[in-house]
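**Student:** In our numbering, the protein residues as written are 762 to 1200. Glycine included, C-beta positions come from ideal geometry on N, C-alpha and C. Let me begin by handing over the structure; questions about it come next.
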RNA sequence: GGGGGCGUGGUGUAGCGGUUUAACAUGCGGCCCUGUCAAGGCCGAGAUCGCGGGUUCAAAUCCCGUCGCUCCCGCCA
């Protein structure tokens, strides 16, 4: 018999069905047994009269919660049953995998263990409804982004994650032994995206792993995370990148809201709103004026930069003033930006770059890139970077590379912001940090 | 890397110098209950209070060290 998903049982009243799922609760009484079965789509009660089949009754009594079961029986409507008014009268049971008792923790209890403990038992923690929903949302979010890009003529790229030479700043690179030499894990697809521009791909995106050997202990950092990157050619300024990014996010979030909005409200108590475009924008200079007016004091050594507190303050300001969760901060000083960010023609101290903040958290850095080899070389030297390591990179810009720009966005951070999660550790399938390599 | 906080049965917490044979909830085991549904009732097992040292007549409780976790900062997505 074909399996019926629990959400579809209402259409099969009076019929024989087969369901498959986990035993969330067993209520074993004197004459009756009630099993609450959960599958990916919901919960249903299964009832069994013990005297009809004492052997089966005994088998049910021995089941541990969270056992994996295949159950056959008849679907009946029963108003007495609080769980959806539907019940299955059990006829046969196959124990696919009996769960040992006690479990390391009860995934469906009101009081959950610390996140760190749950991460040790992630495969049980992931069974919880909110975690199932989280990854349905992530899947839809990525599908929405791909949908936008494909409609707009982008190519999907897959750049290598093993590199031969440290490029952008060596400090946060993981090194590994690679046959007779040392290789490095990519800490960004940045240079490869730009190479694709030199290769004439014009518009590319990549969703893939990024590695950072940063011993950061915060609720929003990981040593391995999924980066969402895009790069486009023939632009006049970073503004075009910003337009693409806001359209991309609005499109993907709209899809998520349509598909999961009510479930997100019920499970996460978050009203997922589709952000209006264009997103609010402010220059760094304006950001400083706002912070001053709001009474936020930046440490003086932060000259031209923002700290996390300032980002939260700006997020709160924009939420109150414009009712918007996102804000672009533009025109960052060259001193705090990468050497490959293009400078403003009107003021070479500033870059044609932006950060996107979501609810006060840094989600994205983007910029128009410097595509003129001589200017790029001068900017690298100004930052005191070794030109030997950058030579191959700078060569991309010697043989007709179009003007271009792009962004990198943290998928986990976006999930955190959309669902209002306190830590990125629960926003990703398996967290990787300085002290966590398992499971 | 710098600073703060926490560390008590499987899990979540209470206790914060002597009335503690360490309490409560949940989970687990047993018994009871003719339909339960956040089930309920009774009984039971389960913790040398992270680890090491010190102070004291007396330490889960105070101090020092150490390990683990966590938050903030630096840095970033």
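(1) Looking at the secondary structure, which residues open and close the alpha helix (DSSP H) in which residue 815 lies?
(2) Hey, out of 1095, 1110, 996 and 1049, whose CA is closest to residue 1162's CA?
(3) For the ligand FMN, is there any heavy atom lying closer than 6 Å to the beta carbon of residue 845?
(4) Which residues mark the beginning and the end of the beta strand (DSSP E) in which residue 994 is found?
(5) Taking the alpha carbon of residue 1065 as the reference point, which residue from 1049, 1141 and 883 has its own alpha carbon closest?
(6) Taking the continuous alpha helix (DSSP H) assigned at residue 1122, which residues delimit it?
(7) What is the rounded straight-line gap between the Cα of residue 1172 and the Cα of residue 1068?
(8) State the start and end residues of the unbroken alpha helix (DSSP H) segment that holds residue 1152.
(9) Any chance you could list the beta strand (DSSP E) runs of at least 3 consecutive residues sitting entirely within the stretch 985–1056, in chain order?
(10) Can you tell which of 1000, 913, 898 and 943 has the C-alpha that lies nearest to the C-alpha of residue 1018?
(11) Taking the beta carbon of residue 987 as the centre, do at least 16 other beta carbons fall within 10 Å, making it buried, or is it exposed?
(12) Measuring CA to CA, which of 935, 984, 1151 and 940 is closest to residue 946?
(13) What are the boundary residues of the beta strand (DSSP E) that includes residue 945?
(14) Have a look at the DSSP bridge pairing and note the partners of residue 1101.
(15) Once DSSP output is grouped into helix, strand and coil, what is the label at residue 762?
(16) How far does the beta strand (DSSP E) with residue 1116 in it extend, from its first residue to its last?
(17) Given residue 1124, which residues of its chain have a CB within under 7 Å of its CB, disregarding the five upstream and five downstream residues?
(18) How many angstroms separate the CA atom of residue 1150 from the CA atom of residue 893?
(19) What are the start and end residues of the alpha helix (DSSP H) that includes residue 1069?
(20) Check the C-beta distance from residue 1128 over to residue 1070 and give it rounded, since I have them as a contact under 8 Å.
(21) Measuring CB to CB, does residue 1093 end up less than 7 Å from residue 1043?
(22) Counting only runs of 3+ residues fully inside the stretch 772–840, write out the beta strand (DSSP E) ranges in chain order.
(23) If you follow the alpha helix (DSSP H) that residue 892 is part of, which residue opens it and which one closes it?
(24) Just to confirm before moving on: does the CB-CB distance between residue 806 and residue 867 stay below 7 Å?
(25) Between the C-alpha atoms of residue 889 and residue 1015, what's the straight-line distance to the nearest angstrom?
(26) Tell me the start and end of each unbroken beta strand (DSSP E) in the stretch 954–979 that is at least 3 residues and wholly inside, in chain order.
(27) Would you call the CB atoms of residue 998 and residue 1113 closer than 7 Å?
(28) Could you round the C-beta distance between residue 904 and residue 924 to whole angstroms and report it? I think they count as a contact, below 8 Å.
(29) Since I believe residue 1052 is in contact with residue 1121 (beta carbons under 8 Å), could you give me their beta-carbon distance rounded to a whole number of angstroms?
(30) Assign residue 964 to one of two classes, buried (16 or more other C-beta atoms within 10 Å of its C-beta) or exposed (fewer than that).
(31) Starting from residue 1088 and walking both ways along the beta strand (DSSP E), at which residues does that stretch end?
(32) Three-state secondary structure (DSSP) at residue 1190?
(33) According to DSSP, simplified to helix, strand and coil, what is residue 1168?
(34) For residue 939, write down the residues that DSSP places opposite it in a beta bridge.
(35) Roughly how many angstroms lie between the CA atoms of residue 902 and residue 982, to the nearest whole one?
(36) For residue 1006, I'd like the list of residues in its chain whose CB is within less than 6 Å of its CB, leaving aside the five on either flank, ordered along the chain.
**Tutor:** Inspection of the coordinates gives the following:
(1) Within the first chain, residue 815 is the residue found at index 54, counting from 1. It spans 815–822 - the alpha helix (DSSP H) in which residue 815 sits, taken as one unbroken run.
(2) Stepping through the first chain from its first residue, residue 1162 is reached at position 401. Ranking 1095, 1110, 996 and 1049 by Cα distance to residue 1162 puts 996 first.
(3) What this structure holds is no ligand at all, so the ligand FMN is not there to describe.
(4) Mapped onto the first chain, residue 994 falls at position 233. Per DSSP, residue 994 belongs to the beta strand (DSSP E) from 985–994.
(5) Here residue 1065 refers to the residue found at position 304 of the first chain. When each option's Cα is compared against that of residue 1065, the closest is 1049.
(6) The residue you call residue 1122 lines up with position 361 of the first chain. Taken as a continuous stretch (DSSP letters only), residue 1122 belongs to no alpha helix (DSSP H), being part of the beta strand (DSSP E) at 1122–1129.
(7) The residue you call residue 1172 lines up with position 411 of the first chain. The residue you call residue 1068 lines up with position 307 of the first chain. Residue 1172 and residue 1068: Cα-Cα distance of roughly 21 Å.
(8) As a position in the first chain, residue 1152 is number 391, starting the count at 1. Counting along the chain, the alpha helix (DSSP H) containing residue 1152 begins and ends at 1148–1156.
(9) 985–994 and 1042–1044
(10) Taking the first residue of the first chain as position 1, residue 1018 is located at position 257. If we check each option's Cα against that of residue 1018, 898 comes out closest.
(11) In the first chain, the residue the question calls residue 987 occupies position 226. Answer is buried; the Cβ neighbour count reaches 16.
(12) The residue labelled residue 946 in the question sits at position 185 within the first chain. Residue 946 has its Cα closest to that of 935, out of 935, 984, 1151 and 940.
(13) For this step, residue 945 is matched to residue 184 along the first chain. Element bounds for residue 945: 942–946.
(14) Here residue 1101 refers to the residue found at position 340 when the first chain is read from its first residue. Bridge partners of residue 1101: none, in fact.
(15) Here residue 762 refers to the residue found at position 1 of the first chain. Three-state DSSP puts residue 762 in coil, outside helix and strand.
(16) Along the first chain, one-based indexing puts residue 1116 at 355. Note, residue 1116: beta strand (DSSP E), 1114–1119.
(17) In the first chain, counting from the first residue as 1, residue 1124 sits at position 363. 1117, 1118, 1170, 1171, 1174, 1175 and 1178, listed in sequence order.
(18) Position 389 of the first chain, counted from the start, is the residue given in the question as residue 1150. Position 132 of the first chain, counted from the start, is the residue given in the question as residue 893. Spanning the two alpha carbons is a distance of roughly 44 Å.
(19) Position 308 of the first chain, counted from the first residue, corresponds to residue 1069. Here the alpha helix (DSSP H) through residue 1069 covers 1069–1083.
(20) Reading the first chain from its first residue, position 367 is the one you call residue 1128. Reading the first chain from its first residue, position 309 is the one you call residue 1070. Not confirmed; about 24 Å, so no contact.
(21) Position 332 of the first chain, counting from 1, holds the residue named residue 1093. Position 282 of the first chain, counting from 1, holds the residue named residue 1043. In this structure, residue 1043 does not lie closer than 7 Å to residue 1093 by Cβ.
(22) 777–789, 793–800, 803–810 and 829–838
(23) Within the first chain, the letter at position 131 stands for residue 892. 890–912 is the extent of the alpha helix (DSSP H) around residue 892.
(24) By one-based count along the first chain, residue 806 stands at place 45. By one-based count along the first chain, residue 867 stands at place 106. In this structure, residue 867 does not lie closer than 7 Å to residue 806 by Cβ.
(25) For the purposes of this step, residue 889 is identified with residue 128 of the first chain, where counting begins at 1. For the purposes of this step, residue 1015 is identified with residue 254 of the first chain, where counting begins at 1. Taking the straight line from one Cα to the other gives about 25 Å.
(26) 964–972
(27) For this step, residue 998 is matched to residue 237 along the first chain. For this step, residue 1113 is matched to residue 352 along the first chain. Yes, the pair counts as a contact, with Cβ atoms nearer than the cut-off.
(28) By 1-based counting over the first chain, the position of residue 904 is 143. By 1-based counting over the first chain, the position of residue 924 is 163. Contact doesn't hold; Cβ gap of about 29 Å is too wide.
(29) Residue numbering aside, residue 1121 sits at position 360 when the first chain is read from its first letter. Residue numbering aside, residue 1052 sits at position 291 when the first chain is read from its first letter. Not a contact, Cβ separation roughly 12 Å.
(30) Taking the first chain and counting its residues from 1, one reaches residue 964 at position 203. Under this definition residue 964 is a buried residue.
(31) For the purposes of this step, residue 1088 is identified with residue 327 of the first chain, where counting begins at 1. Counting along the chain, the beta strand (DSSP E) containing residue 1088 begins and ends at 1087–1091.
(32) For the purposes of this step, residue 1190 is taken as residue 429 along the first chain, with counting starting at 1. In the structure shown, residue 1190 sits in coil (DSSP, three-state: anything other than H, G, I, E or B).
(33) Within the first chain, numbered from 1, the residue matching residue 1168 stands at position 407. Strand, per DSSP.
(34) The residue labelled residue 939 in the question sits at position 178 within the first chain. Beta-bridge pairing links residue 939 to 942.
(35) As a working note, residue 902 is residue 141 in the first chain. As a working note, residue 982 is residue 221 in the first chain. If I take the Cα positions, the gap works out to 21 Å.
(36) Mapped onto the first chain, residue 1006 falls at position 245. Closer than 6 Å at Cβ, skipping near neighbours: 1168.
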